[in-house]
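Residue numbers (numbering that gives the first Met the number 0), protein chains in the order written: chain G, 0 to 119; chain E, 0 to 876. Even for Gly, the Cβ is constructed at its ideal location relative to N, Cα and C. Data block below; observations after.
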Amino acid sequence: MLPSVSEVDMSKPPDLVQGTLDFLLLKILALEPLHAFAISQRLKQVSGDVLQVSDGSLYPALHKLEQEGWIAAEWKPTENNRRAKFYSLTRPGRRHLEREAAKWDRLSGAITQVMKLKEI
Amino acid sequence: MRIERWRYTLPLRLRSLFRRNRVEDELDEELRFHIDRLTDEHVAHGLPPDKARLAAVRAMHGVEQRKEECRDARGVRLLEDLVQDLRYAGRTLRRSPGFTAAAISTLALGIGATVAVFTVVNGVLLRPLPFPDPDRLFAVTLAPRGIRTAGPSMADRDYLAFAERTHAFRHVATFSRFGAKLTGGDEPALVAAASVTGDFFGVLGVPPAIGRTFAQGEDLPGRDAVVILGDGMWRAVLGADPAVVGKTITVDGSRRTVIGVMPPGFAFPGKTQAWTPMRIAPDPGNTLLRPVIGRLNPGVTPAQARAEFGTIAPHLSTDDGESLLSGILPLDELVVGDIRRPLEIFAGAILFVLLIACANVANLLLARGSVRTREIALRTALGAGRARVVRQLLTESIGLAVAGGAGGVLLARWIVPALLALAPEGRIPRLESIAIDWRVLAFALVISIVTGIAFGLAPAIRVTRTTARESLSPSGRTFGPRHDRTRAVLVVVEIALALVLLAGAGLLLRSFLRLMSVDPGFRTDNVMAMSLDLDGTPHSTPERMRDFHTRLLDRLSSIPGVVSAGAVNWRPIGDALIRGDFHIEGRPDPQDLTVVDKPAVSPRYFTTMGVRLLRGREFTERDDAAAPGVAIVSRAVARLFPSEDALGKRITLQTTPKPEDWLTIVGVVDDVKQGGLSEPLHAAVYRPYRQVSHPFFLGHMTYVVRAASNPAGIVPRMRAALRDVDRNLPTGAIVSMSDVLERSTADPRFQARLLGTFASLALLLAALGTYSVLAYSVVQRTYEIGIRIALGAGRSAVLSMILRRTAALAAAGVAIGIAGALAATRVLETALFEIKPGDPETLAAVAALIMATALVAGFVPALRATRVDPLVALRQD
Numbered sequence: 000m001l002p003s004v005s006e007v008d009m010s011k012p013p014d015l016v017q018g019t020l021d022f023l024l025l026k027i028l029a030l031e032p033l034h035a036f037a038i039s040q041r042l043k044q045v046s047g048d049v050l051q052v053s054d055g056s057l058y059p060a061l062h063k064l065e066q067e068g069w070i071a072a073e074w075k076p077t078e079n080n081r082r083a084k085f086y087s088l089t090r091p092g093r094r095h096l097e098r099e100a101a102k103w104d105r106l107s108g109a110i111t112q113v114m115k116l117k118e119i
Numbered sequence: 000m001r002i003e004r005w006r007y008t009l010p011l012r013l014r015s016l017f018r019r020n021r022v023e024d025e026l027d028e029e030l031r032f033h034i035d036r037l038t039d040e041h042v043a044h045g046l047p048p049d050k051a052r053l054a055a056v057r058a059m060h061g062v063e064q065r066k067e068e069c070r071d072a073r074g075v076r077l078l079e080d081l082v083q084d085l086r087y088a089g090r091t092l093r094r095s096p097g098f099t100a101a102a103i104s105t106l107a108l109g110i111g112a113t114v115a116v117f118t119v120v121n122g123v124l125l126r127p128l129p130f131p132d133p134d135r136l137f138a139v140t141l142a143p144r145g146i147r148t149a150g151p152s153m154a155d156r157d158y159l160a161f162a163e164r165t166h167a168f169r170h171v172a173t174f175s176r177f178g179a180k181l182t183g184g185d186e187p188a189l190v191a192a193a194s195v196t197g198d199f200f201g202v203l204g205v206p207p208a209i210g211r212t213f214a215q216g217e218d219l220p221g222r223d224a225v226v227i228l229g230d231g232m233w234r235a236v237l238g239a240d241p242a243v244v245g246k247t248i249t250v251d252g253s254r255r256t257v258i259g260v261m262p263p264g265f266a267f268p269g270k271t272q273a274w275t276p277m278r279i280a281p282d283p284g285n286t287l288l289r290p291v292i293g294r295l296n297p298g299v300t301p302a303q304a305r306a307e308f309g310t311i312a313p314h315l316s317t318d319d320g321e322s323l324l325s326g327i328l329p330l331d332e333l334v335v336g337d338i339r340r341p342l343e344i345f346a347g348a349i350l351f352v353l354l355i356a357c358a359n360v361a362n363l364l365l366a367r368g369s370v371r372t373r374e375i376a377l378r379t380a381l382g383a384g385r386a387r388v389v390r391q392l393l394t395e396s397i398g399l400a401v402a403g404g405a406g407g408v409l410l411a412r413w414i415v416p417a418l419l420a421l422a423p424e425g426r427i428p429r430l431e432s433i434a435i436d437w438r439v440l441a442f443a444l445v446i447s448i449v450t451g452i453a454f455g456l457a458p459a460i461r462v463t464r465t466t467a468r469e470s471l472s473p474s475g476r477t478f479g480p481r482h483d484r485t486r487a488v489l490v491v492v493e494i495a496l497a498l499v500l501l502a503g504a505g506l507l508l509r510s511f512l513r514l515m516s517v518d519p520g521f522r523t524d525n526v527m528a529m530s531l532d533l534d535g536t537p538h539s540t541p542e543r544m545r546d547f548h549t550r551l552l553d554r555l556s557s558i559p560g561v562v563s564a565g566a567v568n569w570r571p572i573g574d575a576l577i578r579g580d581f582h583i584e585g586r587p588d589p590q591d592l593t594v595v596d597k598p599a600v601s602p603r604y605f606t607t608m609g610v611r612l613l614r615g616r617e618f619t620e621r622d623d624a625a626a627p628g629v630a631i632v633s634r635a636v637a638r639l640f641p642s643e644d645a646l647g648k649r650i651t652l653q654t655t656p657k658p659e660d661w662l663t664i665v666g667v668v669d670d671v672k673q674g675g676l677s678e679p680l681h682a683a684v685y686r687p688y689r690q691v692s693h694p695f696f697l698g699h700m701t702y703v704v705r706a707a708s709n710p711a712g713i714v715p716r717m718r719a720a721l722r723d724v725d726r727n728l729p730t731g732a733i734v735s736m737s738d739v740l741e742r743s744t745a746d747p748r749f750q751a752r753l754l755g756t757f758a759s760l761a762l763l764l765a766a767l768g769t770y771s772v773l774a775y776s777v778v779q780r781t782y783e784i785g786i787r788i789a790l791g792a793g794r795s796a797v798l799s800m801i802l803r804r805t806a807a808l809a810a811a812g813v814a815i816g817i818a819g820a821l822a823a824t825r826v827l828e829t830a831l832f833e834i835k836p837g838d839p840e841t842l843a844a845v846a847a848l849i850m851a852t853a854l855v856a857g858f859v860p861a862l863r864a865t866r867v868d869p870l871v872a873l874r875q876d
């Protein structure tokens with residue numbers, strides 16, 4: 000059986016999970032620009048208990064994506080009028096996400112196929 | 000696509016670098032926002048506000064660590080850290096000026112001395128020669144190694160044969176240097192001059208700035224009254240006259256037409272500023288060695304030229320059983336000569352000094368490191384990785400080293416002239432190219448950075464190894480001081496390095512002292528020597544030359560206060576000598592002694608020079624052209640007649656002697672160190688100058704005058720005597736033979752002195768290092784020493800405890816140093832005279848000196864240890 004992601008200590012995410020986290024962040028930002036706190040809320044919302052991302056590890060991941068040019072940041076007022084840093088997907092980021100999604104599809108498809116194999 | 004990404008990434012990088020504070024503020028704000036919102040949420044779920052906040056902070060898993068990770072994401076981390084570290088280093092170093100001053104001055108001294116030596120090495124050995132395609136220029140040599148003055152050179156007849164046969168070389172030339180008196184401008188001037196063969200300028204490949212160089216056949220009598228001038232001479236003597244070509248000047252009394260002026264900076268060989276043409280006429284019985292230079296044909300490789308030389312050499316005549324300096328050498332070898340080896344040795348020695356300086360600074364850093372352990376532990380606890388802290392400490396040490404290096408370059412500007420002044424005059428070639436240029440600066444920078452890493456790395460690693468818990472706990476006192484082992488190793492290394500240098504200096508010094516105690520075979524006291532060259536003067540035939548010598552000797556002998564006067568054509572320890580074969584009547588040629596010096600001397604020469612007459616008689620005025628041929632031989636030649644007496648036997652210097660060429664031996668004199676004190680004794684066959692008819696043996700003469708006392712006082716009278724005989728002759732230098740002898744030992748003296756200076760510097764630094772380590776260890780052990788004294792240890796027990804430790808360190812250093820010295824001093828082998836590199840006496844003396852110095856350095860801290868007041872020591876903290 001594959002280990003469930005929740006068993007991994009999220010404060011120091013291993014590579015696979017890190018890559019997955021990047022992918023998830025891009026996907027969430029593809030829907031709408033959000034600030035980091037909102038992103039963490041959204042992550043918890045959409046993945047339930049399966050993906051527990053520590054609040055702390057979110058920031059280095061976001062900053063790395065920003066430095067790579069996949070996402071851009073902008074300071075804007077929030078709904079209750081405090082300044083917050085909103086992240087949004089850039090055009091290169093969107094293309095990057097498409098490539099990653101295609102890769103993910105192939106990979107998960109392959110894994111699903113493997114898992115469907117029956118013992119003879 | 001890349002470019003599109005840069006649109007986003009580049010502004011971010013620039014912002015991280017130049018708007019660092021703003022970026023940091025934003026990071027703070029972003030994280031604060033998160034924590035605030037999370038706190039609000041926890042409060043909404045019913046937690047009390049303080050607990051809610053704590054939970055929110057905890058959820059970040061370490062806010063400062065997260066910040067560090069975000070900073071790492073910025074991609075300009077290294078550069079940014081460097082700027083930050085440098086600023087931080089500047090602040091820390093300013094806060095401890097004592098340490099900073101000590102470290103920077105030690106480094107400035109070490110790097111300065113290293114840069115100074117490199118400046119000389121760069122100018123002499125590394126900068127290319129100032130000729131077109133210098134790598135195509137070579138010196139051709141086939142010369143006996145034994146002759147001190149020869150260097151790469153060839154006999155005239157070999158040169159002619161080689162020039163005719165070679166196809167590898169497009170141009171070959173040979174030359175002789177002489178000091179010329181130049182008149183024709185406003186002021187007569189003495190210049191370095193060279194007579195050169197026709198293709199000399201073709202070899203060097205430098206065209207004249209004005210006029211032309213020698214034409215074909217301009218070396219023939221009648222057409223050879225021409226001269227080419229150097230730029231400096233043209234400006235100094237002829238006022239930079241642009242229409243100088245065709246004008247006449249007088250060189251050593253003969254009138255010559257100026258045909259060209261060389262461009263500025265051109266001077267070869269040495270500082271030559273006037274060139275006259277020369278035709279090589281071989282002299283079958285004798286060997287005159289001259290340097291030979293050549294420029295390869297295009298497309299010919301040096302290897303091909305060497306192969307060709309290998310086929311030509313067997314046909315050449317110089318083969319007298321001595322070991323030969325034979326082959327094709329880069330022209331640098333001729334220019335640089337035998338200074339290369341000493342320079343390389345000095346360069347190696349100075350690196351030792353630099354290493355010791357490094358070890359000292361590393362010691363200082365370690366001492367400081369223990370003070371800073373708490374600061375570093377704090378930084379580690381706050382999330383700085385170990386690599387990060389090491390990097391910061393290294394930046395600090397490299398910063399120190401670069402500051403020291405800058406000081407060193409300034410120091411080098413003073414050290415270089417001092418270094419050159421220490422060298423005997425004319426010993427270091429290419430003085431004009433010795434300067435602090437970009438290469439030297441680049442070297443200084445590189446050596447500073449390497450130095451910084453060398454002395455900074457070990458302390459940085461050592462200091463950061465201490466765990467945070469240990470040093471943050473308030474009573475972090477331990478009995479065995481933790482840096483002691485590293486520091487001890489550093490001191491041992493310093494002592495070992497200093498010992499190697501001292502051993503080298505000691506060997507050179509003892510070798511020099513032995514050289515000074517060598518009997519030259521003549522007495523130098525009260526003897527003055529005056530050399531004259533009659534070539535190109537009215538005294539040009541053999542008869543006139545002999546007549547001139549006789550008249551001048553008469554005058555010199557009659558000077559009041561002169562005991563006796565004599566003359567020799569090539570004086571001992573001179574620039575040149577004539578050697579050749581000889582044959583004994585009725586015997587096969589001797590196997591082991593085939594080449595002898597062939598000086599022509601006057602009556603009373605041996606008396607004047609103090610050469611001991613062993614048997615027979617000196618030459619007299621009656622030994623003239625009309626009398627039967629006579630010779631006086633030196634002891635080595637006389638030994639060829641073991642059972643019988645050499646007196647009365649006949650020898651000849653000619654290969655195919657005519658009846659009048661047979662000379663009867665009338666006396667035997669002591670052997671003389673003709674080539675220099677360190678050279679083997681030369682066998683010699685002396686002839687009376689009045690029986691010599693070849694102008695080559697008569698044209699150059701050194702008159703030696705022995706005064707009863709105060710030899711310098713007779714110098715004006717010697718000049719007057721010369722003027723009486725011919726007032727148009729330039730009076731050359733008159734030197735005392737003691738000066739000549741001393742100057743001939745100037746080189747070993749210079750080497751011993753310079754290496755001695757380096758070694759003293761090394762000893763001083765090592766002593767400082769030993770002192771600082773022991774002083775530090777006493778401070779560290781104050782508590783322990785306090786307990787010992789409180790428990791009844793006597794002062795002498797404490798003193799001997801510290802001294803024992805000193806002795807143990809020094810002994811370890813000495814043991815390693817002796818092993819190092821045995822290996823390293825082998826490079827001195829060729830520079831040493833009658834002493835072997837591993838000389839046990841020298842090593843023992845040096846080891847004793849080092850032990851004594853270390854104990855003195857350890858005594859002060861030891862004394863301080865005995866004064867520890869147990870009450871004060873135990874109450875500390």
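Residue burial classification, residue i (beta-carbon count within 10 angstroms, cutoff 16)
i: residue 14 (chain G); result: Here the model assigns residue 14 (chain G) a pLDDT of 43, short of 50, so the residue's position is not dependable and the matter cannot be decided.
i: residue 791 (chain E); result: exposed
i: residue 633 (chain E); result: buried
i: residue 626 (chain E); result: exposed
i: residue 65 (chain G); result: buried
i: residue 29 (chain E); result: buried
i: residue 657 (chain E); result: exposed
i: residue 395 (chain E); result: buried
i: residue 114 (chain G); result: exposed
i: residue 879 (chain E); result: What the structure shows of chain E is the stretch from 0 to 876, and residue 879 (chain E) is not part of that stretch, so it cannot be assessed.
i: residue 245 (chain E); result: exposed
i: residue 17 (chain E); result: exposed
In DSSP terms, what residue i is bridged to
i: residue 708 (chain E); result: Beta-bridge pairing links residue 708 (chain E) to no other residue.
i: residue 702 (chain E); result: E:529, E:566
i: residue 73 (chain G); result: G:85
i: residue 248 (chain E); result: E:255
Selected residue, minimal CA-CA separation from residue i, among the options
i: residue 826 (chain E); options: E:142, E:500, E:569; result: E:500
i: residue 871 (chain E); options: E:781, E:510, E:748, E:22; result: E:781
i: residue 854 (chain E); options: E:805, E:446, E:21; result: E:805
i: residue 289 (chain E); options: E:302, E:157, E:218; result: E:157
i: residue 651 (chain E); options: E:666, E:635, E:641, E:629; result: E:629
i: residue 195 (chain E); options: E:278, E:247, E:256; result: E:278
i: residue 873 (chain E); options: E:779, E:714, E:823; result: E:779
i: residue 721 (chain E); options: E:427, E:531, E:736, E:377; result: E:531
>> So within the segment 636-699 of chain E, which uninterrupted beta strand (DSSP E) runs reach at least 3 residues, ignoring any that extend past its ends?
In response: Counting only runs that start and end inside the segment 636-699 of chain E, the beta strand (DSSP E) elements of at least 3 residues fall at 649-651, 662-668, 684-687.
Subject >> Near-chain E residues of the segment 89-117 of chain G (beta-carbon distance less than 8 angstroms), N- to C-terminal order >> reply: With the criterion set as a beta carbon lying under 8 angstroms from some beta carbon of chain E, the members of the segment 89-117 of chain G are 89, 90, 91, 94, in sequence order.
**Asked** Taking the runs of the alpha helix (DSSP H) that are 4 residues or longer, which of them lie wholly in the segment 492-537 of chain E?
**Response** Within the segment 492-537 of chain E, no complete alpha helix (DSSP H) run reaches 4 residues.
Notebook entry, point to check: Any residues in the segment 24-58 of chain G with a beta carbon nearer than 8 angstroms to a beta carbon of chain E? Which ones, in chain order?
Noted result: For the segment 24-58 of chain G, residues whose beta-carbon sits nearer than 8 angstroms to a beta-carbon of chain E comprise 34, 35, 36, 39, 53, 54, 55, 56, 58.
(message) By the 9 angstroms beta-carbon criterion, what residues does the segment 59-70 of chain G contribute toward chain E?
(response) Across the segment 59-70 of chain G, CB contacts with chain E closer than 9 angstroms involve 59, 60, 61, 62, 63, 64, 65, 66, 67, 68, 69, 70, in sequence order along the chain.
Suppose only complete runs of 3+ residues qualify. What are the beta strand (DSSP E) ranges in the segment 259-342 of chain E, listed by chain order?
Taking only runs of at least 3 residues, the beta strand (DSSP E) segments lying wholly in the segment 259-342 of chain E are 273-276, 291-295, 323-329.
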